[in-house]
Amino acid sequence: MKQPVIQFEQFTFKYHSQTEPSLIDMDLTIYEGEKVLIVGPSGSGKSTLAHCLNGLVPFSYKGNMTGNLLIKGTPTASLDIFTLSKMVGTVLQDTDGQFIGLSVGEDIAFTLENELVPQKKMHDIVEKTAKLVDIHHQMNYSIHELSGGQKQRVSLAGVMVDEEIDILLFDEPLANLDPATGKYAMELIERVHTDTNKTIIMIEHRIEDALHIPFDRIIVVNEGCIVADMTPDALLASDILSDVHIREPLYTKALKYHQCLVTEEMQPAHIDTLHISNQTKLALQQKMDEDFSTLTQPRANHTVLDVKDVTFSYDKKKIIDSISFQIKAGEMVAIIGKNGAGKSTLSKVICGFEKYSDGTIMFHDQDIRDKTIFERAKHVGYVLQNPNHMISKHMIYDEVALGLVQRGLTEEEIKERVYETLRICGLYPYRNWPISALSFGQKKRVTIASILVLNPSILILDEPTAGQDLRHYTEMMEFLLTLNRQGITIIFITHDMHLMLEYTNRALVLADGKLIADKAPVDILTDDQIIAKANLKRTSLFDLAIKSGMTHPKAFIEQFISHDRKVRKTWQ
Amino acid sequence: MAVTNMLGYIDKQSPVHKLSGVSKLIIFLLWSTIAMLTYDTRVLLILFVLSLVVFKLSKIKWQEISFVVWFILFFLALNNVAIYLFSPEEGVSIYNSSHVLFEMTNRYTVTLEQLFYQFNITLKYFVVIPAALLFIVTTHPSEFAASLNKIGVHYKIGMAISLALRYIPDIQRDFRTIAQVQQARGIDLSNKEKLTKRLKNVVAIIMPLIFSSLDRIETISNAMELRSFGKHNKRTWYSERPLTKLDYLTLLISSLLFILFMIITFHDGTRFYNPF
Chain G
162 MKQPVIQFEQ
172 FTFKYHSQTE
182 PSLIDMDLTI
192 YEGEKVLIVG
202 PSGSGKSTLA
212 HCLNGLVPFS
222 YKGNMTGNLL
232 IKGTPTASLD
242 IFTLSKMVGT
252 VLQDTDGQFI
262 GLSVGEDIAF
272 TLENELVPQK
282 KMHDIVEKTA
292 KLVDIHHQMN
302 YSIHELSGGQ
312 KQRVSLAGVM
322 VDEEIDILLF
332 DEPLANLDPA
342 TGKYAMELIE
352 RVHTDTNKTI
362 IMIEHRIEDA
372 LHIPFDRIIV
382 VNEGCIVADM
392 TPDALLASDI
402 LSDVHIREPL
412 YTKALKYHQC
422 LVTEEMQPAH
432 IDTLHISNQT
442 KLALQQKMDE
452 DFSTLTQPRA
462 NHTVLDVKDV
472 TFSYDKKKII
482 DSISFQIKAG
492 EMVAIIGKNG
502 AGKSTLSKVI
512 CGFEKYSDGT
522 IMFHDQDIRD
532 KTIFERAKHV
542 GYVLQNPNHM
552 ISKHMIYDEV
562 ALGLVQRGLT
572 EEEIKERVYE
582 TLRICGLYPY
592 RNWPISALSF
602 GQKKRVTIAS
612 ILVLNPSILI
622 LDEPTAGQDL
632 RHYTEMMEFL
642 LTLNRQGITI
652 IFITHDMHLM
662 LEYTNRALVL
672 ADGKLIADKA
682 PVDILTDDQI
692 IAKANLKRTS
702 LFDLAIKSGM
712 THPKAFIEQF
722 ISHDRKVRKT
732 WQ
Chain F
9 MAVTNMLGYI
19 DKQSPVHKLS
29 GVSKLIIFLL
39 WSTIAMLTYD
49 TRVLLILFVL
59 SLVVFKLSKI
69 KWQEISFVVW
79 FILFFLALNN
89 VAIYLFSPEE
99 GVSIYNSSHV
109 LFEMTNRYTV
119 TLEQLFYQFN
129 ITLKYFVVIP
139 AALLFIVTTH
149 PSEFAASLNK
159 IGVHYKIGMA
169 ISLALRYIPD
179 IQRDFRTIAQ
189 VQQARGIDLS
199 NKEKLTKRLK
209 NVVAIIMPLI
219 FSSLDRIETI
229 SNAMELRSFG
239 KHNKRTWYSE
249 RPLTKLDYLT
259 LLISSLLFIL
269 FMIITFHDGT
279 RFYNPF
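Respectively, the protein sequence lines represent chains G and F.
To convert, take the position in the first sequence, counting from 1, and add 161; that gives my numbering.
To convert, take the position in the second sequence, counting from 1, and add 8; that gives my numbering.
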C-alpha cells in the first residue's frame, strides 16, 4: 500500500479579497510517487489548489480555511512556508519572472545559499543537479542567453537541488513554450520521475501536450470542486472535459464528432496507444457536414502590406534576414516559429518601432521608410501580449479615447468614435467602468479597442489568446473574426498550433530570422521538414488520419476544423 | 535598442573585473571618503589621473557610460551655479585673500579664489564619478550583494540593491516597448512636443511601467519565498569570490595611498591647499 503524501479533507478556502470560496469542500488524496495532472478552466480553483500545496496560501495570499490539508501526514496549518517548501518544490509558470540569480549556476544555487550550505559543497551539488537536467554545459550563461527549454531546465534544477523535496509541483510548465520545446519539457519531467520517483503534480490546461508522457490520474477542477478524478484513458472516454470547456485532445474530439464511441479500452491517452477498430475507421471516413466549408477567402485582391527583402540587425546579428511577403486586404494570417525566431521583431519593424537596414515595406503601395511610428499607426496597429503594458488610464472610456484626444479631435467626434468602437468590441455596457474591475480577457479587449479607434486597416496582435482558457480563447478569436469580416486585416503571432489551424488560411513560419514557409496551416503542420526547423509539432489529427488509413488526411483535418468551429459557436 | 544597458554590469576581461567585489567596494569607500574630505588640489589631481588610469585598465568604453556621465555633469553645472549664486565670496573667506578679476555687481564679483574653490569642487566630482561608475559597471550584481553582506550589511538589503540593479535593463526594455506603443497612439516624447505636454505624456508611460513592475515584484518575491529566502539570519553566496593576491596587493596599495593622502590633507591643519 502506497503512502498518501497529500490529503485534502473537506477542505474549503476563501481569499480575503473575494466573496466566494475558491475551493469548496474538497477531498483529494495523492500518493507517493504518483504523477497527477490537474486541469480546469480559468477561475476553477486549480491555481489556488497549487498555492495551498506550496504555502503561498495562506502565507502570501491570505484567506480563511476550514477542513484539513495534510502533507506527508502533517497538517499544513501547523507549518510555515519554509518547512512546506522543503517538502513541496514549485516550478512556477512564468519562465522569466522566477529567476533570481543572473547566471545558470547562481540561480540553481539559490535555495542552497538560503540554507547556509558552504560554498564548496554548494558548487558540487549545483554541478550534480545541473547534470541531472542536462544544463551543466551552460553553467556560466546569463539567463537571458537561454532558450525557452533551457530556462525550464534551470528552474527545475533550482527546485531539485534540495534533495529532501520529494513532491514536485509544476504550475503550467507549457505556457510560453513553442510546441517542440513543450514536448522536450514533458520528456524531461518524465525522466526526472523515472530517475528519482518523486511525486509529480502538474497544473496544465493543454491536456494533449501534457499527455505526451503517461500520467496516473487526471483531476478535473471546476468552480472550486473536483468533478473528476480518474485515469487519463477513462477521462478521455467521458464527456467531462467538453462539459467544463477544456480542450480535449484533437484526436478524441475527432472520434467523437464522427459519432465513434471512445472507450477506456481503446487507450485514448496517447495517439500512439490508441486502438482503432475497422468499424471506427469506416466511421471516420464519413463526412460530418454536408455544407462543410473552409474559412472564407479574402474578397479583395488589393495588397495592404508588401514586405520586400527586409533585413534588421542588432549587434551585427541578423534578427530578420531578408524577409518578403505580401498581405492582401481582409486576410487573417498567423506568424509562427520557435521562441526567439524574430516574430515580435518583425512586427515591430513593420510598425516602425525598429528601423530596418535593407528592403522596403509598403502600405497600400506607398513606401513607408521615412514615416514615423505615429504616421504608420494610421495604417497598422500593434497590440502587445501583456495588456498591462498598454493601459495608462483609470477609466475605460478615457483609455480608448486617448489616441483621439492626442489627435486633437473635437469632443463630439471623439465620443462618437469611442462609443462605436466600444460597441464593436462588446465593451459598450462597461464604458463608465474602471479598467481595474475587468477580467484579463476584457482588459485585452480594451487595448484592442484603444488601437482600433484609430482606424488602422491592419491589426497585429502578439499572442492574443495567451493565458486564456478555451472559452475565453474562443470569445477572443470570434471577436477578431468579426473585426476581420468588417474588413480589417489581422496578423497574429502565436505558439498555439490549433489557433492557427482553426482561424487562418495562411501562416508565415519564421526560423532564425528567415521566412521558411508561407502557406496553408494544414500544409505546414503536415510537413515534417518545416515542423523540425521551426520547433513545431505535427497535429495529432494527421496521425489519426494516417492511422485510419485515409488517403486524404488534409481534407479530414479541414473538415474537423470546420465542424469544431460550428460546435463551439453554440456556447456563446 | 540603443541604450539598453544604462548602469548595468558590463562584462569585460580586465584586471578591474578580476578584483573581488569586496575589494572594489572597500576601495570605493576609501576613495570616496578621501575625495569628500579633501580640498587639496594636489591630492584631487592625483586621484583624478589615477581614476583615468583605472578607467583605461577596465576596458570600459566611454560610449557605454557617456549618458550617465552627461546626466551627472548637468547636475554638477547646476551645483556650481548655485554655489556662486548663494556664496560668491566663499573662496575669499577660505583662502583669506582676494584677487578680483572683474566685477558684475557689488555682491557678485568674480575672484580668482572663488574660481579656484569651485574648480576644486568640480574636481571632487570628477574624482568620484569614474570610481562610482566603475564600481557599478564592473561588479557583477550577484557579487555585489555578497560584497555588501561581507562588510556587514544585512543580506536582505544587499539582495534588494542587487535585484534592483539587475532589473534596470529589464525595466528599460519595458519602458521602450511601452513608449513605442504609446507613440503609435500619438503620445509624443520627442522635443517636437511642448514641455508641459511632454511631462504629461511621460505619465502615460510611467503608469503602465509601474503596474507591470509591481507584477514582476509579486512574481519574484513569491519565487524567492518558495526557495527559502529569509529563512535564516545569514546566508552563503554561490558567486562570492575568495580574495586573491591581486586583491591583497590592490587593497594594500589603496590603504597606503589613503593614509598618505590623509596626511597630505590634514598635516597643515586645513583641508584646503592654498596657492595664494
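Backbone N, C-alpha and C define an ideal beta-carbon position, used for all residues, glycine too.
Below 8 Å, how does it come out for the stretch 153 to 164 of chain F and the stretch 50 to 68 of chain F: are there three or more Cβ pairs, yes or no?
Result no; under three Cβ-Cβ pairs closer than 8 Å.
Other residues of its chain near serine 28/F: CB distance less than 6 Å, five sequence neighbours each side excluded:
Along the second sequence, read from residue 1 onward, the residue named residue 28/F stands at position 20. Excluding sequence neighbours, serine 28/F sits near Arg249, Leu251, Asp255.
How many Å lie between leucine 622/G and glycine 262/G at the Cα?
Counted from its first residue, the first sequence places residue 622/G at position 461. Counted from its first residue, the first sequence places residue 262/G at position 101. Cα-Cα distance, rounded: 32 Å.
Touch test, the stretch 650 to 664 of chain G against the stretch 610 to 627 of chain G, Cβ-Cβ under 8 Å, three pairs minimum:
Touching, yes, given that three or more Cβ pairs across the two stretches are closer than 8 Å.
For leucine 263/G, decide whether its Cβ has a neighbour in chain F, counting only Cβ atoms nearer than 7 Å.
What you label residue 263/G is simply residue 102 of the first sequence in a count that begins at 1. Closer than 7 Å: yes.
In or out: lysine 208/F buried (at least 16 other Cβ within 10 Å) or exposed?
Here the question's residue 208/F lines up with position 200 in the second sequence. By the 16-neighbour rule on beta-carbons within 10 angstroms, lysine 208/F is exposed.
State yes or no: is the C-beta of glycine 266/G within less than 7 Å of the C-beta of valine 287/G?
One-based indexing of the first sequence puts residue 266/G at position 105. One-based indexing of the first sequence puts residue 287/G at position 126. If you check the CB distance, glycine 266/G and valine 287/G come in under 7 Å.
If you check the beta carbons only, do isoleucine 481/G and threonine 506/G fall under 7 Å apart?
What you label residue 481/G is simply residue 320 of the first sequence in a count that begins at 1. What you label residue 506/G is simply residue 345 of the first sequence in a count that begins at 1. Yes; because the gap between Cβ atoms is below 7 Å, this pair is in contact.
Would you decide whether valine 30/F is buried or exposed? Buried here means 16 or more other CB atoms lie within 10 Å of its CB.
As a first step, residue 30/F is located in the second sequence; it is residue number 22 there, counting from the start. Residue burial is scored here from C-beta neighbours: valine 30/F has at least 16 other C-beta atoms within 10 angstroms and is therefore classed as buried.
Taking the CB atoms as reference points, tell me whether alanine 538/G and methionine 661/G lie closer together than 7 Å.
Taking the first sequence and counting its residues from 1, one reaches residue 538/G at position 377. Taking the first sequence and counting its residues from 1, one reaches residue 661/G at position 500. In this structure, alanine 538/G lies away from methionine 661/G, with their beta-carbon atoms at least 7 Å apart.
Quick check: is the beta carbon of leucine 234/F nearer than 7 Å to any beta carbon in chain G?
Walking along the second sequence from the start, residue 234/F turns up at place 226. So yes, leucine 234/F belongs to the interface.
When you compare each of Ile612/G, Ala598/G, Thr190/G to aspartate 390/G by their alpha carbons, which one comes out closest?
Along the first sequence, one-based indexing puts residue 390/G at 229. If we check each option's Cα against that of aspartate 390/G, Thr190/G comes out closest.
For asparagine 275/G and chain F, any beta-carbon pair shorter than 7 Å?
Residue 275/G sits at position 114 when you count from the first residue of the first sequence. Residue contact check for asparagine 275/G against chain F: a CB pair falls below 7 Å.
C-beta contact flag for threonine 41/F and threonine 273/F at 7 Å:
What you label residue 41/F is simply residue 33 of the second sequence in a count that begins at 1. What you label residue 273/F is simply residue 265 of the second sequence in a count that begins at 1. Not a contact, by the Cβ cut-off of 7 Å.
Below 7 Å on C-beta distance, what does phenylalanine 243/G contact in chain F?
Counted from its first residue, the first sequence places residue 243/G at position 82. Taking a Cβ-Cβ threshold of 7 Å, the residues of chain F close to phenylalanine 243/G are Ser236, Lys239, in chain order.
Following the continuous alpha helix (DSSP H) through threonine 355/G, name the residue where it begins and the one where it ends.
The count along the first sequence starts at 1 and reaches residue 355/G at position 194. 340 to 357 is the span of the alpha helix (DSSP H), which, as asked, contains threonine 355/G.
Given 8 Å, three or more beta-carbon pairs between the stretch 215 to 233 of chain F and the stretch 166 to 184 of chain F:
By the Cβ test, the stretch 215 to 233 of chain F is in contact with the stretch 166 to 184 of chain F, since at least three Cβ pairs between them sit closer than 8 Å.
Contact check, aspartate 188/G vs phenylalanine 174/G, beta carbons under 7 Å
Numbered from its first residue, the first sequence carries residue 188/G at position 27. Numbered from its first residue, the first sequence carries residue 174/G at position 13. Going by C-beta atoms, aspartate 188/G is not nearer than 7 Å to phenylalanine 174/G.
Proximity of glutamine 126/F and asparagine 157/F at Cβ, strictly below 7 Å:
If you number the second sequence from 1, residue 126/F lands on position 118. If you number the second sequence from 1, residue 157/F lands on position 149. The beta carbons of glutamine 126/F and asparagine 157/F sit no closer together than 7 Å.
Since proline 165/G is in the beta strand (DSSP E), which residue starts that stretch and which ends it?
In the first sequence, residue 165/G corresponds to position 4, counting from 1. Counting along the chain, the beta strand (DSSP E) containing proline 165/G begins and ends at 165 to 176.
Any beta-carbon of chain F closer than 7 Å to the one on aspartate 725/G?
Here the question's residue 725/G lines up with position 564 in the first sequence. Among the CB atoms of chain F, none fall inside 7 Å of the CB of aspartate 725/G.
Would you say leucine 564/G faces chain F, with C-beta separation under 7 Å as the test?
By one-based count along the first sequence, residue 564/G stands at place 403. One detail in the question is off: residue 564/G reads as glycine in this sequence, not leucine. At a cut-off of 7 Å, the C-beta of glycine 564/G has a neighbouring C-beta in chain F.
Give me the chain G residues within the contact set of threonine 278/F, using Cβ-Cβ distance strictly less than 8 Å, ordered along the chain.
Working through the second sequence from its first residue, we reach residue 278/F at position 270. For the C-beta of threonine 278/F, not a single chain G residue is nearer than 8 Å; the gap to the nearest is close to 47 Å.
Residues that DSSP places opposite cysteine 386/G in a beta bridge
The residue given as residue 386/G occupies position 225 in the first sequence. Beta bridge pairing from DSSP links cysteine 386/G with Asn383/G.
So which of Ser239/G, Glu560/G, Leu329/G has the shortest CA-CA distance to leucine 231/G?
In the first sequence, the residue the question calls residue 231/G occupies position 70. The shortest Cα separation from leucine 231/G among Ser239/G, Glu560/G, Leu329/G belongs to Ser239/G.
Of the residues Thr643/G, Glu636/G, Val252/G, the one placed nearest threonine 227/F, counting alpha carbons only
As a position in the second sequence, residue 227/F is number 219, starting the count at 1. Of the candidates Thr643/G, Glu636/G, Val252/G, the residue whose Cα lies closest to the Cα of threonine 227/F is Val252/G.
I'd like to know whether the C-beta of asparagine 230/F is nearer than 7 Å to at least one C-beta of chain G.
Taking the first residue of the second sequence as 1, we reach residue 230/F at position 222. Chain G contact via Cβ: present.
Note down, one range per segment and in chain order, each alpha helix (DSSP H) of at least 4 residues found wholly within the stretch 239 to 296 of chain G.
Complete alpha helix (DSSP H) runs here, min 4: 242 to 246, 265 to 275, 280 to 293.
Check whether the Cβ atoms of isoleucine 380/G and isoleucine 387/G lie closer than 7 Å to each other.
Walking along the first sequence from the start, residue 380/G turns up at place 219. Walking along the first sequence from the start, residue 387/G turns up at place 226. Yes, the pair counts as a contact, with Cβ atoms nearer than the cut-off.
On the DSSP bridge assignment, give the partners of aspartate 531/G in chain order.
Here residue 531/G refers to the residue found at position 370 of the first sequence. As far as DSSP is concerned, aspartate 531/G takes part in no beta bridge.
Of the listed residues Phe269/F, Ala139/F, Ser263/F, Ile18/F, nearest to glutamine 71/F (C-alpha basis):
Along the second sequence, one-based indexing puts residue 71/F at 63. When only C-alpha atoms are compared, the closest one is Ile18/F.
Helix, strand or coil for arginine 193/F per DSSP?
Indexing the second sequence from 1 puts residue 193/F at position 185. Arginine 193/F: coil per DSSP, three-state reduction.
Mind checking the stretch 167 to 200 of chain F against chain G and listing, in chain order, the residues whose C-beta falls within less than 8 Å of any C-beta there?
Those would be Leu171, Arg174, Asp182, Thr185, Ile186, Gln188, Val189, Gln190, Gln191, Ala192, Arg193, Gly194, Ile195, Asp196, in chain order.
Assuming serine 59/F is part of the alpha helix (DSSP H), what are its boundary residues?
Walking along the second sequence from the start, residue 59/F turns up at place 51. Run containing serine 59/F: 49 to 65, per the alpha helix (DSSP H) assignment.
Rounded straight-line distance, which links the Cα of isoleucine 261/F to that of lysine 32/F:
Residue mapping note: residue 32/F aligns to position 24 of the second sequence, counting from 1. Residue mapping note: residue 261/F aligns to position 253 of the second sequence, counting from 1. So the two alpha carbons sit approximately 13 Å from each other.
Alanine 192/F and isoleucine 534/G closer than 7 Å at C-beta:
The residue you call residue 192/F lines up with position 184 of the second sequence. The residue you call residue 534/G lines up with position 373 of the first sequence. For alanine 192/F and isoleucine 534/G, yes; Cβs fall inside 7 Å.
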